[in-house]
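Engineer: Starting off with a structure, shown below.
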Amino acid sequence: MNVTTRTKTARFIAAMIVSSTLATGGAKAEEGIRYAQTREGERPTSTVAVDSACAWPNLTVLRDGTIVAMIHNSLHHGNVPADVECWGTTDNGKTWQKFSTAAPHEPHTNRMNVAAGLANNGDLLLIASGWSHKSHPGQPKIPGKQRILDPWLCRSSDGGRTWTIDKEGMPNRVPDKGNWIVPFGDILADDDGVLHVGIYGATSGPPYDD
352 MNVTTRTKTA RFIAAMIVSS TLATGGAKAE EGIRYAQTRE GERPTSTVAV DSACAWPNLT
412 VLRDGTIVAM IHNSLHHGNV PADVECWGTT DNGKTWQKFS TAAPHEPHTN RMNVAAGLAN
472 NGDLLLIASG WSHKSHPGQP KIPGKQRILD PWLCRSSDGG RTWTIDKEGM PNRVPDKGNW
532 IVPFGDILAD DDGVLHVGIY GATSGPPYDD
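Using my numbering, the letters of the sequence shown map in sequence onto residues 352 to 561.
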């Protein structure tokens with residue numbers, strides 16, 4: 352995939368970050384064809400929210416109605432240093448602005464795998480892992496991803512503008528299996544207020560290039 356194709360792909364993905372208030376019904380532009388519609392009954396207009404980024408957005412609605420998106424801020428699929436950024440909209444997705452860098456990368460690493468949601472007190476939570484370009488001791492250096500990073504637990508009490516990062520707040524292995532933990536999806540509370548998050552367990556297999 353060349354740079355031009357990556358840029359077009361990134362713009363297409365970013366354009367899909369639209370308001371979560373869109374309904375799934377639709378006005379008929381043509382007979383038998385249904386479209387999403389706004390509260391006013393009109394077809395929504397897509398917007399390029401974040402340019403030149405793979406994004407892979409994870410959306411969370413804050414208690415004040417602000418919609419925030421956690422995104423990967425690089426065009427590359429993990430093969431260059433990159434961060435997790437927090438972007439937000441206060442007008443239901445019409446315009447977006449960068450609030451902060453929620454999980455900044457360390458040298459020779461990237462942060463790209465995320466789960467996000469709200470704590471019971473309304474704080475914004477982010478769990479972010481990623482990849483290191485440094486191989487394990489004794490392994491040859493091969494271009495590409497080398498090993499999975501430990502997940503960070505990031506918390507914001509001001510709607511994603513500033514963050515505290517606990518680098519040891521999450522386990523790094525699947526219990527009883529030893530696979531590395533990779534966070535994905537939403538952080539959700541059950542009826543008892545216990546927070547849950549989806550993960551998948553991965554092994555640090557042979558490195559590869561995209």
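C-beta: ideal position from N, C-alpha, C; glycine also.
#1: Can you give me the Cβ contacts of N471 inside the same chain, cut-off strictly under 8 Å, excluding the 5 residues immediately before and after it?
#2: Looking only at its own chain, which residues have a Cβ that is under 7 Å from the Cβ of T396, when we skip the five neighbours before and after it?
#3: Can you say whether R414 is buried or exposed, counting buried as having 16 or more other CB atoms within 10 angstroms of its CB?
#4: Can you find the residues in the same chain that come closer than 7 Å, C-beta to C-beta, to T446, ignoring five residues on each side of it along the sequence?
#5: Is H459 buried or exposed, if buried means 16 or more other CB atoms sit within 10 Å of its CB?
#6: Please state the DSSP three-state secondary structure of R512.
#7: Under the three-state reduction of DSSP, which class applies to T441: helix, strand or coil?
#8: If we count Cβ pairs, one from each stretch, closer than 8 Å, do we get three or more for the stretch 415-430 versus the stretch 392-406?
#9: At 3 residues or longer, and completely inside the stretch 430-477: list those beta strand (DSSP E) runs for me, N to C.
#10: Here's the rule I'm using: 16 or more other beta-carbon atoms within 10 Å means buried, otherwise exposed. How should I550 be labelled?
#11: What number of angstroms, rounded off, separates the C-alpha of T452 from the C-alpha of L476?
#12: Measuring straight from C-alpha to C-alpha, what distance separates G552 and D527?
#13: Nearest to D517 by CA position, among R524, L504, G481, is which residue?
#14: Between which two residues does the beta strand (DSSP E) carrying V401 extend?
#15: In whole angstroms, give me the CA-to-CA distance for D542 and D402.
#16: Give me the DSSP bridge partner(s) of T633.
#17: With a 10 Å radius around its C-beta and 16 neighbouring C-beta atoms as the bar for buried, classify V412 as buried or exposed.
#18: Taking C-alpha atoms, which residue in S483, L410, N523 lies nearest to H428?
#19: Please classify D509 as buried or exposed, where buried requires at least 16 neighbouring CB atoms within 10 angstroms.
#20: Taking K485 as the reference, which of R506, P522, G444, N461 has the closest Cα?
#21: How would you call P502, buried or exposed, if buried means at least 16 neighbouring beta carbons within 10 angstroms?
Structural biologist: Walking through what the data contain:
#1: A540, G544, L546
#2: none
#3: exposed
#4: T440
#5: exposed
#6: coil
#7: coil
#8: yes
#9: 435-440, 448-454, 460-469
#10: buried
#11: 13 Å
#12: 11 Å
#13: L504
#14: Note, V401: premise wrong, no beta strand (DSSP E); not H, not E.
#15: 38 Å
#16: Shown here, the chain extends from 352 to 561; a query on residue 633 therefore has no answer.
#17: exposed
#18: S483
#19: exposed
#20: N461
#21: buried
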